[in-house]
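1 is the number of the first residue of the sequence shown in full-length UniProt numbering; add one for each residue after it.
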Amino acid sequence: MSEPRSLPLIFALVCAQFVVMMDTSILNVALPSLGRDLQLDAVGAAWVVNAYLLTFGGLLLLSGRAADVLGRRRMMLIGTAVLVAGSILGAAAASGTALVVARVLQGAGAAMLSPAAMSVLLARFSGPARAWAMSCWGAASTAGGAAGVAFGGVLTAALGWRSVLVLTAAVAILTGAAARALVPLDVPAPRRRFDVAGAGLLTGGAVATAFGILGLPRAGLLGGETVLAGLVVAGCLVGFALVERRSADPVLPLSTFRDARVVGGIVANLLGGAARIGCFFLVALLLQQVLRYGPDQAGWAMVPTSLAGFAVSTLLLPRALARLGAGRVAVLGLVLLCAAHLLLATIRAGDAYPTTVLPALVLAAAGVAFSFTPTTLVIAEGIAARNAGAGSGLASATAQLGGAIGVAVFGMADDGRRAAVSAAGGTAVRAAEAGLSTAFLAAAIAAAGGAAAAGGALAVHRLSARRRMAQLAMPTVRAAAAPPS
């Protein structure tokens with residue numbers, strides 16, 4: 001466990017992650033209310049959520065590198081200020097366009113804040129202290145995502161959807177104050193240059209990926225927008241590889257991607273991010289459209305999820321990491337998340353909350369807690385400390401882009417199944433049951449794929465380590481076997 005004098009620093013860092021994750025889900029339950037108020041159709045309402053995810057995921061890598069070059073504490077403070085500005089503008093928005101612009105600002109602020117805070121944590125702690133600090137980080141992530149749904153529902157019902165953004169601004173202000181008081185001033189490493197070309201190409205690829213994903217429901221898999229986005233992504237990746245090979249101070253050395261932990265962790269984070277973020281999105285729909293809960297009821301229904309996620313992250317996760325290691329715990333978490341999605345797929349209208357919904361939500365909270373932080377640690381173990389900011393940006397970006405993929409793909413599965421049931425004469429509730437059941441099954445498949453990727457990365461890394469040990473031992477064996485001269 002961390003030393004007591006480190007607790008204030010950890011508190012400031014996890015506050016940053018809490019507000020970032022809270023913002024990913026805090027407007028989910030409020031979408032019907034704000035849609036009516038601002039006269040938004042379904043596409044416009046979806047962009048209120050997607051604008052945040054798109055900007056957040058697209059700028060994480062660039063911001064993580066900026067934290068390494070410009071200073072981590074400085075990036076935390078700038079990110080907090082941008083997040084506060086976006087929240088205040090959103091609370092005062094008089095149109096859907098203004099709200100989407102505000103959400104873009106929020107996403108940009110979150111992209112500056114999250115990797116900077118994580119890189120401070122990774123740089124300041126190691127060994128068991130790092131595992132415990134990352135467990136607190138995971139608790140903030142799990143609790144923040146679930147609390148976003150809970151606070152969003154309760155506040156929307158009591159005070160209106162604008163109060164949700166006022167809350168975000170207040171929490172962000174407190175986070176900035178904590179960072180200013182508790183995070184030590186860091187001095188950027190001397191002679192480090194900002195690889196503008198590499199960072200720009202990587203960010204361009206991330207943004208194009210997000211745009212392509214978010215356009216899937218409208219354009220389809222082989223539509224012009226999707227194909228164009230794919231070509232842009234491919235071009236950016238090829239350009240990035242060429243630029244980084246020649247750069248004296250690259251965003252991330254290409255040798256980083258030879259480590260099985262990094263590659264496997266990225267795949268697990270993409271699929272796990274889809275299952276985790278998709279879970280909160282789908283559960284909000286399930287509670288309101290199948291179980292017919294009001295916004296306040298849906299909010300209160302998520303409170304046990306926040307509590308369970310916090311308890312698992314702080315009480316069980318550190319012990320699991322110490323005994324099993326990050327790779328095995330990540331596999332366990334994704335298997336639990338898969339099981340939770342399978343349970344959620346069976347829920348129907350009229351099912352009792354204590355016996356059907358609550359167990360599935362608690363299992364989902366445990367899966368999120370056991371998968372988010374360990375997957376990040378798997379990636380971090382393969383990245384040098386001097387690149388902690390870029391590495392944390394990579395981990396966060398893959399999770400957020402995975403979440404955007406999940407929301408888009410699971411939404412398509414939901415819509416397609418609903419349309420089929422409605423065309424066959426089914427009621428709106430029956431169509432919602434069928435659509436969300438299909439979406440939860442798709443999320444379960446994503447979680448299972450993430451578990452396979454994490455397990456495969458662990459196996460390959462161990463095999464590589466054994467081979468290296470055998471190669472190092474060969475000269476000694478040969479020397480011992482040689483006849484005396």
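A virtual CB, placed ideally from N, CA and C, is assigned to each residue, including glycine.
These figures come from a predicted structure and were not determined experimentally.
Leaving out five residues before and five after residue i in sequence, what residues of the same chain have Cβ atoms less than 6 Å from its Cβ?
i           : result
R191        : Bear in mind that the predicted position of R191 carries a pLDDT of just 49, short of 50, making it too unreliable to give a figure here.
residue 492 : With the chain running from 1 to 485 in the structure shown, residue 492 is simply not present.
L344        : A360, F440
A308        : V362, A365
I379        : V262, G265, A395
S44         : Note on identity: in this sequence residue 44 is Gly, with Ser being the wrong assignment. G96, listed in sequence order.
A320        : V329
W47         : V100
Let me know the secondary structure DSSP gives residue i once reduced to three states.
i    : result
R162 : helix
F370 : helix
V29  : coil
A229 : helix
F125 : coil
P250 : coil
M412 : helix
T346 : coil
Q297 : helix
Q288 : helix
I405 : helix
T427 : coil
P184 : coil
V14  : helix
M76  : helix
I173 : helix
Q39  : coil
D259 : coil
A140 : helix
E381 : coil
Taking the C-alpha atoms as reference points, what is the distance between residue i and residue j?
i    : j    : result
F410 : A439 : 5 Å
T156 : G223 : 37 Å
I10  : A311 : 17 Å
Q289 : V49  : 18 Å
A123 : V69  : 14 Å
A352 : G204 : 47 Å
A85  : G403 : 25 Å
A399 : S114 : 12 Å
S392 : V101 : 26 Å
A179 : A67  : 14 Å
S6   : A229 : 44 Å
V171 : S25  : 15 Å
L165 : P318 : 33 Å
R218 : R348 : 29 Å
A139 : G145 : 10 Å
Given residue i, which residues of its chain have a CB within under 7 Å of its CB, disregarding the five upstream and five downstream residues?
i    : result
A413 : T438, A439, A442
S95  : L38
A453 : G264, V267, A268, L271
V82  : L105, A108, G109, M112
L254 : A241, E244, R245
Within the same chain, show all residues whose beta-carbon is closer than 8 Å to that of residue i, passing over the 5 residues directly before and after it, in chain order.
i    : result
Y293 : L287, A301
F257 : V263
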